[in-house]
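Residue numbers (the numbering used here), protein chains in the order written: chain A, -18 to 188; chain B, 12 to 143.
Don't be surprised by glycine CBs; every beta carbon is placed ideally from N, CA and C.
If you're wondering where the values come from, they're calculated on a predicted model, not measured in any experiment.
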């Protein structure tokens, strides 16, 4: 079934016009004039985040439409729900990567702190923390220094990316749970949709 | 432990304030604990407020079909609520703590979604059982 369904990342492209008005409704493409008004209503207020582009969402909906060829309102609702579930699955995948990437600097700072030889006094710890953050920042501005630091840490048995992963683990656990749930709902919806398609195909064509 | 005098004062004060009195005030305070309305038992008439839903209502629609439509409309509301939570997170601080909080709130919505799917499954199996 995946031949006809094309999926884009929810983050592809910035939303072209991010207006202040959050209640603004999106204009549904005119090629969908034939689909029920209820579904057009849902599509005019699609569940996409402000920074997500609606075009890939519509493209995804269209590929589901082409695949399922819905005939009644329930089929259309199933197509819409499958689109949203798939979209959310992609969003959570993207989010997991973004969270880990976001923690890279914090991970490096934490490694600098852990490997510091300073004393355990309050002032010492504060100085170490400031120094660690400064060094971590330098890693992102100076590629030679970054390479050197990564090599040193790895020699000591530390993996900077692993530290970033460790820091983002609590958020990742929730994202994984949400992802699993979205995938399950997508599977349930697709199963139902395909069952309806099969029963439609099994019916003899009207003479 | 409050003294006799304090308890008497509390009783006096409580007697003075008996909550909202006007119709407007009562209507407003009804919504005090309202968060998203997703725990509403979903019947077609309650959920389908959109004009287009009413306009497209066909006389041949069975109860099951109406319930299905209501369930999908409720699902849409849930998806929008999720987007609202995640949008707030983005608008606020960039910190991981903020994201974790938003994710926890999104995860809390899961049970409503689970309930909708479970209810649909239950109704479908009931219909299947009835037709067998």
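In this structure, the CA atom of residue 140 (chain B) is about 10 angstroms from the CA atom of residue 134 (chain B). Between residue 107 (chain B) and residue 84 (chain A) a beta carbon distance of about 7 angstroms is seen, short of the 8 angstroms cut, so the two are scored as contacting.
Here residue 80 (chain B) is buried. Its C-beta has 16 or more other C-beta atoms within 10 Å. When the alpha-carbon of residue 115 (chain B) is set against those of A:169, A:171 and A:154, the nearest one is in A:154. For the options B:48, B:19, B:137 and B:90, the alpha carbon positioned closest to that of residue 163 (chain A) is the one of B:90. Residue 176 (chain A) and residue 42 (chain A) have their alpha carbons spaced roughly 19 angstroms apart. Counting other Cβ atoms within 10 Å of its Cβ, residue 13 (chain B) stays below 16 and is therefore classed as exposed.
Here residue 46 (chain B) carries a coil assignment [DSSP, helix/strand/coil]. If you draw a 10 Å sphere on the C-beta of residue 120 (chain A), you find 16 or more other C-beta atoms in it, and that means buried. Runs of alpha helix (DSSP H) with 4 or more residues, each lying fully within the stretch -6 to 82 of chain A, are found at 18 to 24 and 35 to 49, listed in chain order. Per DSSP, the unbroken alpha helix (DSSP H) holding residue 122 (chain A) starts and ends at 103 to 122. Below 8 angstroms, enough C-beta pairs join the stretch 142 to 153 of chain A and the stretch 87 to 97 of chain A to call them touching: three or more.
With contacts defined by Cβ atoms closer than 7 angstroms, residue 60 (chain A) and residue 49 (chain A) form a contacting pair.
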